[in-house]
Amino acid sequence: MPDIAAVKAALTAQRIETPSWGYGNSGTRFKVFAQAGVPRTVREKLDDAAAVHEFTGVAPQVSLHIPWDRTDDYAALAAYAKERGLELGAINSNTFQDDSYRLGSVCHPDAAVRRKAVDHLLDCVDIMDATGSRDLKLWFADGTNYPGQDDVVGRQDRLAESLSTVYERLGEGQRLLLEYKLFEPAFYTTDVPDWGTSYAHCLRLGPRAKVVVDTGHHAPGTNIEFIVAFLLREGRLGAFDFNSRFYADDDLMVGSADPFQLFRIMHEVAKNGGLAPETRVAFMLDQCHNIEAKVPAVIRSVMNVQEATAKALLVDLDALGAAQRGGDVLAANAVLMDAYNTDVRPLLAEIREERGLAPDPVAAYLASGRQERIAAERVGGEQAGWGA
Ligand code: PSV
Ligand code: MN
Ligand code: MN
């Protein structure tokens, strides 16, 4: 049976990184519903992230998205974060919101556009130097809409060359994390559509290039936990962008659509050493809260990751191994289901109380009056939104 003290230690040590853009307004192409109290500045986004950390105790890192979170002085921003018990986490680049990127960015047929995109990525590494961030997270919207539109292999060559320029610029301890996505905004070919393409580019780049698994970026029915297990085995799983989906890249709260899938993913992570800090697997959220209140939704998401992790840690690996070696299919499956069907909420509540935290972070946040306070204080100015 799993050692409960070790399970508690692993849950206490786990860190979940929250995205700055999750605190801003977001929506669909049909409508963005503005909410009271939404941050107007990157500092207010950090204040919200600090609240999530205050109530959960496990979310001290915040990912930034550049230029959405641009500021004149990144070292000062890092100091502001530090004063609030936070660290600035991954720097996310943006090569998808400029008119010049109509035909792509780092894969664009025009060398001048590629240069502009690469310069932005290099600027992001400069920002990492100033903030102390260790991860550059790259997602490219590059692709084509029509057969024949561009040369598929030529685009891969341009991608490889651009990535290599950025990889060479990384400082010590810095990593390049390459995210893939099946489709959207490109509808015919996407230049980094799947984990295999990302993995192949990372292999060529070197050991500090790793794959990002965004749980919303696969075809329906894809076995994401297999991808996770494979990448961990190869030492190339860099990070998760956690979110949930029913249809495509829905960016709903992690664990809301399919908590069993989240458990299966976390089982592979836990079983294969991915919770050990030295593997540097980063547990990031990448989600948008279109209709629900943002800070409590981020808290809920953090809790959902913790619950899946707790269940994964409760898998009796000795019993599982014995059943697998004995070819006992039913028993092996039962070991996993026993762990999944365990109510881990009392265990997590106990861990929180031992650390001086409220047992139910969402309830505690809602009772704190902070939501009403920020709604009253944050008036005037322009609210942050996805894309600004
Ligand atoms: C793309 O869909 C994505 O998942 C990438 O991670 C982006 O950086 C993020 O969304 C925010 O646009
Ligand atoms: Mn993502
Ligand atoms: Mn996405």
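Letter by letter, the sequence shown follows residues 1236 to 1623 in the working numbering.
Glycine residues also receive a C-beta, built at the ideal position from the N, C-alpha and C atoms.
Item: May I ask you to verify whether the segment 1245-1263 touches the segment 1282-1291, counting CB pairs closer than 8 Å and requiring at least 3?; Value: yes
Item: To the nearest angstrom, report how far apart residue 1347 and residue 1584 are at their CA atoms.; Value: 55 Å
Item: Count the other C-beta atoms from every protein chain shown that fall within 10 angstroms of the C-beta of residue 1543, then say buried if there are 16 or more, exposed otherwise.; Value: buried
Item: Who are the near neighbours of residue 1274 in its chain, counting only those whose CB is closer than 8 Å to its CB and skipping five residues on each side?; Value: 1258, 1259, 1280, 1282, 1283, 1613, 1618, 1619
Item: Measuring from each Cβ to the nearest heavy atom of ligand 2, keep the ones under 5 Å and list them in chain order.; Value: 1449, 1476, 1521
Item: Do residue 1412 and residue 1370 have their C-beta atoms closer together than 8 Å?; Value: yes
Item: Buried or exposed for residue 1252, going by 16 or more other Cβ atoms inside 10 Å?; Value: buried
Item: List the endpoints of the continuous alpha helix (DSSP H) containing residue 1556.; Value: 1552-1560
Item: Where does residue 1239 sit, in a helix, a strand or coil, going by DSSP?; Value: helix
Item: With respect to 7 Å, is the separation between the Cβ of residue 1414 and the closest non-hydrogen atom of ligand 1 below this value?; Value: yes
Item: For residue 1410, report the span of its alpha helix (DSSP H) as first-last.; Value: Counting along the chain, residue 1410 falls outside any alpha helix (DSSP H), though it belongs to the beta strand (DSSP E) covering 1410-1414.
Item: Expressed to the nearest angstrom, what Euclidean distance is found between the alpha-carbon atoms of residue 1506 and residue 1324?; Value: 25 Å
Item: Determine, using beta carbons only, whether residue 1516 and residue 1474 come nearer to each other than 8 Å.; Value: yes
Item: Hey, how far is the Cα of residue 1349 from the Cα of residue 1396?; Value: 10 Å
Item: Where do the N-terminal and C-terminal ends of the beta strand (DSSP E) with residue 1249 fall, by residue?; Value: Note, residue 1249: premise wrong, no beta strand (DSSP E); not H, not E.
Item: In whole angstroms, give me the CA-to-CA distance for residue 1237 and residue 1245.; Value: 12 Å
Item: Between residue 1558 and residue 1567, is the Cβ-Cβ spacing less than 8 Å?; Value: yes
Item: Using C-beta distances below 8 Å, list every residue in its chain close to residue 1538, excluding the 5 sequence neighbours before and after it, in chain order.; Value: 1291, 1583, 1596, 1597
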